[in-house]
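Novice: This is the structure, below, for whatever I ask next.
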Amino acid sequence: MFLEMMQNVRKKVPLIHNITNYVTVNDCANILLACGGSPIMADDPAEVEEITSLCQGLTINMGTLNSTKVTSMLLAGKKANELAHPVILDPVGAGASAFRTESALKLLNEVRFSVIRGNISEIKTLAFGTGSTKGVDADGMDAITPETLDAAVAFAKHFAKKIHSVIAITSTIDLVTDGEKTYCIYNGHPDMRRITGTGCQLSAMTAAFVTANPDTPLEAAAAAVCAMGFCGEKAWERMTEPDGNASYRNYIIDAVYNLTGEELERGARYEVR
Amino acid sequence: MFLEMMQNVRKKVPLIHNITNYVTVNDCANILLACGGSPIMADDPAEVEEITSLCQGLTINMGTLNSTKVTSMLLAGKKANELAHPVILDPVGAGASAFRTESALKLLNEVRFSVIRGNISEIKTLAFGTGSTKGVDADGMDAITPETLDAAVAFAKHFAKKIHSVIAITSTIDLVTDGEKTYCIYNGHPDMRRITGTGCQLSAMTAAFVTANPDTPLEAAAAAVCAMGFCGEKAWERMTEPDGNASYRNYIIDAVYNLTGEELERGARYEVR
Amino acid sequence: MFLEMMQNVRKKVPLIHNITNYVTVNDCANILLACGGSPIMADDPAEVEEITSLCQGLTINMGTLNSTKVTSMLLAGKKANELAHPVILDPVGAGASAFRTESALKLLNEVRFSVIRGNISEIKTLAFGTGSTKGVDADGMDAITPETLDAAVAFAKHFAKKIHSVIAITSTIDLVTDGEKTYCIYNGHPDMRRITGTGCQLSAMTAAFVTANPDTPLEAAAAAVCAMGFCGEKAWERMTEPDGNASYRNYIIDAVYNLTGEELERGARYEVR
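Chains as they are written, first to last, in my numbering: chain A, 1 to 273; chain B, 1001 to 1273; chain C, 2001 to 2273.
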């Protein structure tokens, strides 16, 4: 199944509009090109509706947020909804400031998202309306490990069902759920966290996968998460003595560029719950 | 001739003011350093005139445009004109939104450009005052191939003559013309399109070449286009099994860093019409 | 001593808030992760005080400045002062425009900085209230070489004492002084100047070092400067035939990623005055 999904990305070359942060934007553009998509970045209220209309999918990434961008996100998100384009939300830093939390909740309230991808703190902030990034979590659910998996799956399913979105939470184990079916994904490498923006890149790539496979957003998002994790593993194998996180960053994007549907099918490691 | 042009860049170390987008800005800065120039990025209306006065050339790149930046582009462009500094326009996404098209036309109307570099859709938008990025082209001139070359040359020459600028259109075959003489350039590799920002990088590098060779903007722009394409070829030869577009990006900038005037002279593949 | 400082960064994983430019921001984030810190980028006045409160240190980098960012810098700087967080200033381009110079002086007036890191022109602009980036220096102190070292040390000590900050000036020889004790640092490689943002990266890394070693800001800043220079040397040794500044950029960040406290202790080359 993931095979066809990857092939659809390469075949359809989905054009993705990204309203995103200036920290990781270049890597997001390059990973979109690597996986077979095509990126456009535009964030001014004067043009985001038109740009989104030209594209087939939209990523809204909340890094380096400001109030003008929030306006643009709302305009583009609503237009994409109108056109039935998939919209992906990456609530970067939700919980880290009232501004980010409120903006995330406003977006959630006014735009329908096909997929929301974040870490556990960010997703909990959306679910509970409050939170703290890099704070100690009251219920110990900061990382998704075999010990916390059951609770995390229950939380993610409940939230997905409530807001009618696919929820993708990336951690030691990644979860992708639509509230009914949950993919628990074991791909990835811990050092991916020592590269800035692997989460942002995954969100952009998820947009390409979901846009190229519009009828199966759950599976498409799971395929993107497996693809990112699997490429993180392949890239890690390529690492030699003097390499560090800068080379690792390049190797991951390179691995996505070379990834075939067959490889992804074989390399994906997950269980369905 | 290209030999001397490359050497002039390295000898004069032209300081280039860039008002550019946040997607590819880092690569633009690094390729300017690689070719022998020196970059300054500044885009606030409060300082762009002073920054431009400090420099010897100016690149205006319309990616991730907003209205404040348009103000800055107009201020800096007019100041650069006043000081007789070369000004290069990269009309990124002209035709993709009314805002981009109108801003491009406004710039064209109020600033004199030494060189305008874009893809065929963008340049046609400037010429006809309307257009669509990644839309199907009515007259089939989306790519410049042997079949469409004659029509493309005629179009480019006509437009160059009309606005008194050198026009550089990059495609499968690249064209650089001042309306009288046209360089048809065969350097390059198709996978350069799978890296974000090779066009932006070329525009920045063109500014360095034209600034270091102010009396021959046509030839300087042609030299920059050949340099980018030739480095794309050299970098592609360096690609090995697990490499992808991230490594390719680095290899191209590396190739520019190591490029000598002699190599460029030998490697440039073009015909003059 | 540098050994423990490096180890403290890796052990404490200092969370650093960066208000910085969009040219080199990705490299700043990756070098922070490479050295053992953790980056957050946020620059909107609506959230910078909260973000800074969540962090343990703050970098203020004046590249691609605008008036909104100056507001954010003042807000975050004052909040960080209130919380006794180390604040590092990188006065990028001070002297290049009245706007940058005035903003730098305003910051200097309203925020207490643990460390100010810049090139000689930028630091002189702060000291004298006027200056020019890449202008010819009246007193020939553009580069710190064995010939100009005495005068540069005297200048840096005087300024450090006057403003009660550690001053770090990077040049051929780097100086780090608190007005009493001065580290003259001989690490580094001249080609580091042909990568955009090695200065910005050093400023970000300095924030991590000073934040993880809050009682010894002078030594921590000197350790960071040695680390950057030493990694520039190590990375240069890794350079082979077709490599250029793009690969060099990656190799430096890689070297920081692999740097141990022992290596830094052995590799640091400096004299204390």
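We put the CB at the ideal spot given by N, CA and C, even for glycine.
Taking 8 Å as the cut-off, decide whether the C-beta atoms of Ala2156(C) and Thr2177(C) are in contact.
Specialist: Numbered from 1 along the third sequence, position 156 holds the residue referred to as residue 2156(C). Numbered from 1 along the third sequence, position 177 holds the residue referred to as residue 2177(C). Going by C-beta atoms, Ala2156(C) is nearer than 8 Å to Thr2177(C).
Novice: What did DSSP end up calling Val2115(C) once you bin it into helix, strand or coil?
Specialist: As a first step, residue 2115(C) is located in the third sequence; it is residue number 115 there, counting from the start. Under the three-state reduction of DSSP output, Val2115(C) falls in the strand class.
Novice: What number of angstroms, rounded off, separates the C-alpha of Leu1108(B) from the C-alpha of Asn1250(B)?
Specialist: Taking the first residue of the second sequence as 1, we reach residue 1108(B) at position 108. Taking the first residue of the second sequence as 1, we reach residue 1250(B) at position 250. Those two C-alpha atoms are separated by around 33 Å.
Novice: How is the alpha helix (DSSP H) around Val70(A) delimited, first residue to last?
Specialist: For the purposes of this step, residue 70(A) is taken as residue 70 along the first sequence, with counting starting at 1. Taken as a continuous stretch (DSSP letters only), the alpha helix (DSSP H) holding Val70(A) covers 67 to 82.
Novice: Does any CB atom of chain B fall closer than 8 Å to the CB of Met41(A)?
Specialist: To locate residue 41(A), count along the first sequence from 1; it is residue 41. Yes, contact with chain B.
Novice: Residues of the region 2016 to 2028 of chain C in Cβ contact with chain A at a cutoff of 7 Å, in chain order, please.
Specialist: Answer in chain order: Tyr2022, Val2025, Asn2026.
Novice: So with Cβ pairs under 8 Å, would you call Ile1195(B) a contact of chain C?
Specialist: By 1-based counting over the second sequence, the position of residue 1195(B) is 195. For Ile1195(B), no Cβ of chain C is located within less than 8 Å of the residue's own Cβ.
Novice: Give a yes or no on whether the minimum CB-CB distance between Gly2077(C) and chain B is below 8 Å.
Specialist: Residue mapping note: residue 2077(C) aligns to position 77 of the third sequence, counting from 1. Judged by the 8 Å Cβ criterion, Gly2077(C) is not in contact with chain B.
Novice: For chain A, is any of its Cβ atoms less than 8 Å away from the one on Asn2030(C)?
Specialist: For the purposes of this step, residue 2030(C) is taken as the residue at position 30 of the third sequence. Yes, Asn2030(C) counts as interfacial toward chain A.
Novice: Examine chain C for any beta-carbon lying closer than 8 Å to the beta-carbon of Phe99(A), and answer yes or no.
Specialist: Your numbering for residue 99(A) matches position 99 in the first sequence. For Phe99(A), the answer is yes, since a Cβ of chain C falls inside 8 Å of its Cβ.
Novice: At a Cβ threshold of 8 Å, is Asp2137(C) touching chain B?
Specialist: Within the third sequence, the letter at position 137 stands for residue 2137(C). Note that Asp2137(C) scores 38 on pLDDT, short of 50, meaning its location in the model is unreliable; the coordinates nonetheless yield the value given after this. For Asp2137(C), not one C-beta of chain B is nearer than 8 Å to its own C-beta.
Novice: Could you work out which residues of chain B lie near Arg238(A), taking near to mean beta carbons separated by less than 8 Å?
Specialist: Taking the first sequence and counting its residues from 1, the one referred to as residue 238(A) is at position 238. Among the residues of chain B, those whose CB is under 8 Å from the CB of Arg238(A) are Pro1242, following chain order.
Novice: Between which two residues does the alpha helix (DSSP H) harbouring His2158(C) extend?
Specialist: If you number the third sequence from 1, residue 2158(C) lands on position 158. Per DSSP, the continuous alpha helix (DSSP H) segment holding His2158(C) begins and ends at 2149 to 2163.
Novice: Kindly identify the DSSP beta-bridge partner or partners of Glu271(A).
Specialist: As a position in the first sequence, residue 271(A) is number 271, starting the count at 1. Answer is Cys184(A).
Novice: Please state whether the Cβ-Cβ distance between Leu2054(C) and Ala2207(C) is less than 8 Å.
Specialist: If you number the third sequence from 1, residue 2054(C) lands on position 54. If you number the third sequence from 1, residue 2207(C) lands on position 207. No. Outside cutoff.
Novice: Rounded to whole angstroms, what's the CA-CA distance from Ala1080(B) to Ile1060(B)? Just pull it up for me.
Specialist: Position 80 of the second sequence, counted from the start, is the residue given in the question as residue 1080(B). Position 60 of the second sequence, counted from the start, is the residue given in the question as residue 1060(B). So the alpha carbons of these two residues sit roughly 11 Å apart.
Novice: Which of the three DSSP states, helix, strand or coil, is assigned to Gly1232(B)?
Specialist: Translated into positions along the second sequence, residue 1232(B) becomes position 232. Three-state result, Gly1232(B): helix.
Novice: Would Ile2016(C) pass as a contact of Val2048(C) if the rule is Cβ separation under 8 Å?
Specialist: In the third sequence, the residue the question calls residue 2016(C) occupies position 16. In the third sequence, the residue the question calls residue 2048(C) occupies position 48. The answer is no: Cβ separation not under 8 Å.
Novice: Quick one, which of Cys2231(C), Lys2234(C), Met2205(C), Phe2230(C) has its alpha-carbon nearest Ala2221(C)'s?
Specialist: Working through the third sequence from its first residue, we reach residue 2221(C) at position 221. It is Met2205(C).
Novice: Give me whichever residues DSSP pairs with Asn2061(C) in a beta bridge.
Specialist: In the third sequence, the residue the question calls residue 2061(C) occupies position 61. Looking at the DSSP assignment, Asn2061(C) forms a beta bridge with Asp2090(C).
Novice: Taking the alpha-carbon of Lys124(A) as reference, which of Arg112(A), Thr145(A), His158(A) has the nearest alpha-carbon?
Specialist: Numbered from its first residue, the first sequence carries residue 124(A) at position 124. Of the listed residues, the one whose Cα sits closest to Lys124(A) is His158(A).
Novice: Chain B beta carbons: is any one of them nearer than 8 Å to that of Ala46(A)?
Specialist: Taking the first sequence and counting its residues from 1, the one referred to as residue 46(A) is at position 46. Ala46(A) counts as touching chain B.
Novice: Determine the chain C residues that contact Ile1051(B) at a beta-carbon separation under 7 Å, and present them in chain order.
Specialist: Here residue 1051(B) corresponds to residue number 51 of the second sequence, with the count starting at 1. Those are Ala2096, Ser2097, listed as they occur along chain C.
Novice: Is the shortest distance between the beta-carbon of Ser247(A) and the beta-carbons of chain C less than 8 Å?
Specialist: Numbered from 1 along the first sequence, position 247 holds the residue referred to as residue 247(A). Output row for Ser247(A): interface = yes.
Novice: If we ignore side chains and look at the alpha-carbon of each, how far apart do Tyr1183(B) and Ala1223(B) end up?
Specialist: Here residue 1183(B) corresponds to residue number 183 of the second sequence, with the count starting at 1. Here residue 1223(B) corresponds to residue number 223 of the second sequence, with the count starting at 1. Between Tyr1183(B) and Ala1223(B), the C-alpha separation is close to 10 Å.
Novice: Just to check my reading of the structure: Leu202(A) and Ile173(A) have Cβ atoms closer than 8 Å, yes? What is that Cβ distance to the nearest angstrom?
Specialist: Translated into positions along the first sequence, residue 202(A) becomes position 202. Translated into positions along the first sequence, residue 173(A) becomes position 173. The beta-carbon distance between Leu202(A) and Ile173(A), rounded to whole angstroms, is 15 Å. This is too long to meet the 8 Å contact definition.
Novice: Determine whether the beta carbon atoms of Ser171(A) and Ile144(A) lie at a separation below 8 Å.
Specialist: Here residue 171(A) is taken as the residue at index 171 of the first sequence, counted from 1. Here residue 144(A) is taken as the residue at index 144 of the first sequence, counted from 1. Yes. Within cutoff.
Novice: Is it right to say Gly1135(B) is buried, meaning 16 or more other beta carbons lie within 10 angstroms of its own, or is it exposed?
Specialist: What you label residue 1135(B) is simply residue 135 of the second sequence in a count that begins at 1. Any answer about Gly1135(B) is weak, because its pLDDT of 40 lies below 50 and its placement is not dependable; what the coordinates show is given next. Exposed is the call here.
Novice: Excluding five sequence neighbours on each side, which residues of the same chain lie with their C-beta closer than 8 Å to the C-beta of Leu1218(B)?
Specialist: If you number the second sequence from 1, residue 1218(B) lands on position 218. Correct list, in chain order: Val1166, Val1176, Thr1177, Asp1178, Lys1181, Tyr1183.
Novice: For the 8 Å Cβ check, are there 3 or more pairs between the region 63 to 78 of chain A and the region 28 to 40 of chain A?
Specialist: no
Novice: CA-CA distance, Leu1024(B) and Cys1200(B)?
Specialist: As a position in the second sequence, residue 1024(B) is number 24, starting the count at 1. As a position in the second sequence, residue 1200(B) is number 200, starting the count at 1. The sequence shown places Thr at residue 1024(B), not Leu. So the alpha carbons of these two residues sit roughly 7 Å apart.
Novice: Run through DSSP, which three-state label would Leu175(A) get?
Specialist: On the first sequence, residue 175(A) is found 175 positions in, with the first residue counted as 1. In this structure, Leu175(A) counts as strand in the three-state DSSP scheme.
Novice: I'd like the span of the beta strand (DSSP E) that includes Ile1016(B), first residue to last.
Specialist: As a position in the second sequence, residue 1016(B) is number 16, starting the count at 1. 1015 to 1019 is the span of the beta strand (DSSP E), which, as asked, contains Ile1016(B).
Novice: Going along chain C in order, which residues have a C-beta closer than 7 Å to the C-beta of Asn1250(B)?
Specialist: As a first step, residue 1250(B) is located in the second sequence; it is residue number 250 there, counting from the start. Result: Ala2246, Ser2247, Asn2250.
Novice: At least one CB of chain A closer than 8 Å to the CB of Leu2054(C): is that the case?
Specialist: As a first step, residue 2054(C) is located in the third sequence; it is residue number 54 there, counting from the start. So yes, Leu2054(C) belongs to the interface.
Novice: Quick one: residues in its chain with C-beta nearer than 7 Å to the C-beta of Thr196(A), no 5 flanking neighbours on either side, listed in chain order?
Specialist: Along the first sequence, one-based indexing puts residue 196(A) at 196. Val23, Thr24.
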